[in-house]
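Undergrad: Pasting in a structure now, in structure tokens, and then I'll have a few things to ask.
Protein chains: 2
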Amino acid sequence: MDQGELQLDRMFHALSDHKRRYMLLELTKEELVVSELAKPFNMSKQAVSKHLKVLELAGLVKKHRNGRVQKCQFNSENFKIVHSVIDKYKKYWEGQFDALESYIDKIKVEEKIDDK
Amino acid sequence: MDQGELQLDRMFHALSDHKRRYMLLELTKEELVVSELAKPFNMSKQAVSKHLKVLELAGLVKKHRNGRVQKCQFNSENFKIVHSVIDKYKKYWEGQFDALESYIDKIKVEEKIDDK
DNA sequence: TTAATAGTCATCTATTTAGTTGACTATTTT
DNA sequence: AAAATAGTCAACTAAATAGATGACTATTAA
Numbered sequence: 001m002d003q004g005e006l007q008l009d010r011m012f013h014a015l016s017d018h019k020r021r022y023m024l025l026e027l028t029k030e031e032l033v034v035s036e037l038a039k040p041f042n043m044s045k046q047a048v049s050k051h052l053k054v055l056e057l058a059g060l061v062k063k064h065r066n067g068r069v070q071k072c073q074f075n076s077e078n079f080k081i082v083h084s085v086i087d088k089y090k091k092y093w094e095g096q097f098d099a100l101e102s103y104i105d106k107i108k109v110e111e112k113i114d115d116k
Numbered sequence: 117m118d119q120g121e122l123q124l125d126r127m128f129h130a131l132s133d134h135k136r137r138y139m140l141l142e143l144t145k146e147e148l149v150v151s152e153l154a155k156p157f158n159m160s161k162q163a164v165s166k167h168l169k170v171l172e173l174a175g176l177v178k179k180h181r182n183g184r185v186q187k188c189q190f191n192s193e194n195f196k197i198v199h200s201v202i203d204k205y206k207k208y209w210e211g212q213f214d215a216l217e218s219y220i221d222k223i224k225v226e227e228k229i230d231d232k
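Line by line, the protein sequences give chains C and D.
1 is the number of the first residue of the first sequence in my numbering; add one for each residue after it.
117 is the number of the first residue of the second sequence in my numbering; add one for each residue after it.
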């Protein structure tokens, strides 16, 4: 299978868990240490560590060790890929909207014609 | 668990498979029948039917029966939710960019100072 | 009416996933 | 040196997933 698609699969999979989305959103605000990310969750540290690994393998989070702790950082470069994929679909409803607009225009024109 | 988050979990899960992303992208171009969607894949029709069910339960696809066939339609209303979620994270790198810009500005100012 | 077509449902298998627990490494503190 | 802290690794369980196959329903064509 295509490597890029596989990576995208991993990215969307990583985002398919609300706990991971929450963690990631926290990381957009500030860099955090694993234990800080774990706090809001009633979960073992091992489980949190696993979730972070999923985010890391998906390329959405980078970790760098600093002494005893691991700072986690949101990886925007890769997240931009996700954004661009989602944006592709956006064209649809923008197109729909255009279609609706031209439909409304058409109706207006017809109304004017009717007015005559 | 929160109902909205659960639905988002389903949406991102639905998007975490490249075959489903491909199907969905095809549906942004035109409404298609199940068997038409199945064509590009070396897969049983039952498997394709399952993938469509995943997309449907996620709310990303609507189906309406028309005689013997099922027309599938991209559900933009719900996809907009996905887009808005992804957009939340966008603020991060836009913020980063702003920070970088102001850093560059700062550097430039310092260079000017140095020039004196 | 019979045959063909479009699609789903139910069941099964192999794989992946989320979570737990216990053992381990590495670093920091006392 | 000993104890505490931060985190990972390995093994296990329960649940979910992707896919195949066979049986089924409903619609259309011959």
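Backbone N, C-alpha and C define an ideal beta-carbon position, used for all residues, glycine too.
None of the values given here were measured: they were computed from a predicted structure.
To which residues of the same chain is M139 of chain D closer than 6 Å at the C-beta, ignoring the five residues directly before and after it?
TA: Numbered from 1 along the second sequence, position 23 holds the residue referred to as residue 139 of chain D. Only L153 meet the Cβ criterion.
Undergrad: Count the other C-beta atoms from every protein chain shown that fall within 10 angstroms of the C-beta of S84 of chain C, then say buried if there are 16 or more, exposed otherwise.
TA: Sequence index remark: in the first sequence, residue 84 of chain C carries index 84 (1-based). So S84 of chain C counts as exposed.
Undergrad: Give the residues of chain C in contact with K206 of chain D, contact being defined as C-beta atoms less than 7 Å apart.
TA: Along the second sequence, one-based indexing puts residue 206 of chain D at 90. Those within 7 Å of K206 of chain D in chain C are H83.
Undergrad: Out of C:H51, C:F41, C:A58, C:S35, which has the shortest C-alpha to C-alpha gap to S132 of chain D?
TA: Taking the first residue of the second sequence as position 1, residue 132 of chain D is located at position 16. The residue with the shortest Cα to Cα distance from S132 of chain D is C:A58.
Undergrad: If you count every other CB in all the chains shown that lies within 10 Å of the CB of K224 of chain D, and 16 or more means buried, which is it?
TA: Counting from one through the second sequence, the residue named residue 224 of chain D turns up at place 108. For K224 of chain D, the predicted model reports a pLDDT of 49, less than 50, meaning its position is unreliable; a value from the coordinates is still stated below. Exposed: under 16 other Cβ atoms inside 10 Å.
Undergrad: On a Cα-Cα basis, can you pick out the residue from C:D87, C:G95, C:Y92, C:V82 that is closest to D9 of chain C?
TA: Along the first sequence, one-based indexing puts residue 9 of chain C at 9. Checked all of C:D87, C:G95, C:Y92, C:V82; the closest Cα to D9 of chain C is C:V82.
Undergrad: Step through the CB atoms of chain C and report whether any lies within less than 7 Å of the CB of H129 of chain D.
TA: Here residue 129 of chain D refers to the residue found at position 13 of the second sequence. H129 of chain D counts as touching chain C.
Undergrad: Pick out the complete beta strand (DSSP E) segments inside the stretch 171–205 of chain D, 3 residues or longer, and give them in chain order.
TA: 177–182, 185–190
Undergrad: What is the DSSP secondary structure of I107 of chain C, counted as helix, strand or coil?
TA: By one-based count along the first sequence, residue 107 of chain C stands at place 107. Residue placement at I107 of chain C cannot be trusted, given a pLDDT of 46 that sits under 50; the coordinates are not used to answer.
Undergrad: Which residues in chain D sit within 9 Å of L31 of chain C, going by Cβ to Cβ distance?
TA: For the purposes of this step, residue 31 of chain C is taken as the residue at position 31 of the first sequence. Note on residue identity: the sequence assigns Glu, not Leu, to residue 31 of chain C. Scanning chain D for C-beta atoms nearer than 9 Å to the C-beta of E31 of chain C yields nothing, as the closest lies near 12 Å away.
Undergrad: Please report how far the alpha carbon of V48 of chain C lies from the alpha carbon of V34 of chain C, in whole angstroms.
TA: Residue 48 of chain C sits at position 48 when you count from the first residue of the first sequence. Residue 34 of chain C sits at position 34 when you count from the first residue of the first sequence. Taking the straight line joining both Cα atoms gives about 8 Å.
Undergrad: Counting only beta-carbon atoms, is H180 of chain D nearer than 7 Å to chain C?
TA: For the purposes of this step, residue 180 of chain D is taken as residue 64 along the second sequence, with counting starting at 1. Under the 7 Å criterion on CB atoms, H180 of chain D is classed as non-interfacial with respect to chain C.
Undergrad: What residues in its chain sit with their C-beta under 6 Å from that of G4 of chain C, if we drop five residues either side in the sequence?
TA: By 1-based counting over the first sequence, the position of residue 4 of chain C is 4. Non-local beta-carbon contacts of G4 of chain C in its own chain, meaning distances under 6 Å to residues more than five positions away in sequence, are absent.
Undergrad: With the cut-off set at 7 Å, would you say F12 of chain C and F128 of chain D are in Cβ contact?
TA: Residue numbering aside, residue 12 of chain C sits at position 12 when the first sequence is read from its first letter. Residue numbering aside, residue 128 of chain D sits at position 12 when the second sequence is read from its first letter. Yes, these two residues count as a Cβ contact at 7 Å.
Undergrad: For F74 of chain C, which of C:N42, C:K39, C:R21, C:L6 has the nearest alpha-carbon?
TA: Taking the first residue of the first sequence as 1, we reach residue 74 of chain C at position 74. Checked all of C:N42, C:K39, C:R21, C:L6; the closest Cα to F74 of chain C is C:R21.
Undergrad: So does W209 of chain D have its beta carbon nearer than 6 Å to some heavy atom of the ligand ATP?
TA: Looking at this structure, you won't find the ligand ATP or any other ligand, since it has none at all.
Undergrad: Assign L52 of chain C to one of two classes, buried (16 or more other C-beta atoms within 10 Å of its C-beta) or exposed (fewer than that).
TA: In the first sequence, the residue the question calls residue 52 of chain C occupies position 52. Classification for L52 of chain C: buried.
Undergrad: Out of D:D118, D:K135, D:V177, D:F157, point me to the one whose CA is closest to E146 of chain D's CA.
TA: Here the question's residue 146 of chain D lines up with position 30 in the second sequence. Among D:D118, D:K135, D:V177, D:F157, the Cα nearest to that of E146 of chain D is on D:V177.
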